[in-house]
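Counting from 102, one number per residue, gives the positions in the sequence shown under my numbering.
Note that the Cβ used here is the ideal one computed from N, Cα and C, for glycine as well.
All values reported here derive from a predicted model rather than from experimental measurement.
Okay, structure first, notes after.
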Amino acid sequence: MAKKIIITGSYNASIFLKGERIPQIGETCTGDTYFISAGGKGSNQAIAAKFQGADITYIGKLGKDTYGKDAIHMYEKLDLNKSIYYDSTRHTGVAVIFIDRGGNNSIMVAPGANMQLTADEIVNVIQEQEDVLMAGFQLENDVGQICEAIERLHAMGVQTLLDPAPAVPLPEEVYKSITIIKPNEHEAALLSQIPIENSKDALKAGRWFIDKGVETALITLGEMGCVLVSQKEELFIPAPAVKAVDTTGAGDIFSGSFLAALSKGYTYSDAARYASCGAALSVTKMGVLEAMPGEKETYDLLKKEYGI
Ligand code: RIB
102 MAKKIIITGS YNASIFLKGE RIPQIGETCT GDTYFISAGG KGSNQAIAAK FQGADITYIG
162 KLGKDTYGKD AIHMYEKLDL NKSIYYDSTR HTGVAVIFID RGGNNSIMVA PGANMQLTAD
222 EIVNVIQEQE DVLMAGFQLE NDVGQICEAI ERLHAMGVQT LLDPAPAVPL PEEVYKSITI
282 IKPNEHEAAL LSQIPIENSK DALKAGRWFI DKGVETALIT LGEMGCVLVS QKEELFIPAP
342 AVKAVDTTGA GDIFSGSFLA ALSKGYTYSD AARYASCGAA LSVTKMGVLE AMPGEKETYD
402 LLKKEYGI
């Protein structure tokens, strides 16, 4: 039976605008596609893990407004286990996402209620649960509260995964409480100050995280693949080649799929291969929720690509 995963993080109602290119400073561009959907890195990761068959609980904070109600309605439809807090003084998180013809994106988030989620609220939910394999986090909430939650959970013996997106410098002492850190190449470069252009650079940045006290660093490199670095192994895993239409949320789907695979007993390296397949499938469609692959198509690609 799959072990339990808890994912804490943001919910953002997401407004997508697609056009030839992303507007420059001072410019107005005419786009061609618009839609509004559910997003937020925490919520995306939790839903991706659910789609991949994990026993998952999501922890988040919403405003008492229409977007917050939409989120609850969606979670009920998806039958997602959740512990939702509210802040009646803040709006539900909102993101505006620009996408160009090549599928590249640029995102601005107004976090609202997401910033009010506290370490106490997170730890209170997680300590009530039994058999938690891992607790996942990102940084679209208050960074101090997330770091405090990670440190307290680590002290309680709970394994933690931090997807440090969006990246900001982290307090030194948090690193030794992180079981797995999963930045993309930009986030890893910002945190380590090591420029990353290829897998060799990424392996170097991975070793930087290990020296800081993290157990395992999993650094994604977009269409190139990812590297896995720990005291025991150093590995480059190429990504399946696909035609990208929209890369929004690919990192979230990677994290959610990775955690789901771990919960089903995969090794870290096979879980990274599984997550690479989930993320690759997701970029072939527009949107995040709309593009989330299920278990069957992810397994099929895993078998075709890596023979697992
Ligand atoms: O990672 C993609 C997500 O970032 C989007 O869903 C958007 O809401 C922002 O949180």
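Taken through DSSP and simplified to helix, strand or coil, G395 comes out as coil.
The residue among L322, I137, N113, K386 with its C-alpha nearest the C-alpha of R191 is N113. Between ligand 1 and the CB of G350, the shortest heavy atom gap is smaller than 7 Å. Annotation: the continuous alpha helix (DSSP H) that includes G143 extends over 142-152.
At a Cβ-Cβ threshold of 8 Å, T158 and A172 do not count as neighbours. For M209, the enclosing beta strand (DSSP E) begins and ends at 206-211. If you look at L234, you'll find it in the beta strand (DSSP E) that goes 233-238.
In the three-state reduction of the DSSP assignment, N215 falls in the helix class. The C-alpha of V343 is placed about 8 Å away from the C-alpha of L382. Straight-line measurement puts the Cα of C130 at about 32 Å from the Cα of A149.
About 7 Å separates the Cβ atoms of E241 and G143, confirming a contact at the 8 Å cut-off. Taking a cut-off of 8 Å on C-beta distances, the region 115-132 touches the region 198-216, as three or more cross pairs fall below it. Taken through DSSP and simplified to helix, strand or coil, N285 comes out as strand.
In the three-state reduction of the DSSP assignment, G245 falls in the helix class. Rounded to the nearest angstrom, the Cβ distance from A236 to T219 is 15 Å, too far for a contact under 8 Å.
Taken in chain order, the unbroken stretches of beta strand (DSSP E) that lie wholly in the region 166-199 and span 3 residues or more are 182-188. At a Cβ-Cβ threshold of 8 Å, V389 and S138 count as neighbours. Rounded to the nearest whole angstrom, the C-alpha separation of A214 and E398 is 35 Å.
Residue side-chain check: N205 keeps its Cβ at 7 Å or more from all non-hydrogen atoms of ligand 1. Assigned with DSSP and collapsed to three states, D401 falls in helix.
With fewer than 16 other Cβ atoms inside 10 Å of its own Cβ, V269 counts as exposed. Of all alpha-carbon atoms in A392, I223, P284, A155, the one lying nearest the alpha-carbon of R253 is that of I223. Rounded to the nearest angstrom, the Cβ distance from G357 to N225 is 23 Å, too far for a contact under 8 Å.
Around the CB of P284, 16 or more other CB atoms lie within 10 Å, so the residue is classed as buried. Ligand 1 never approaches V224 closely enough for any of its heavy atoms to be under 7 Å from the residue's Cβ. At a Cβ-Cβ threshold of 8 Å, I297 and S207 do not count as neighbours.
Under the three-state reduction of DSSP output, E406 falls in the helix class.
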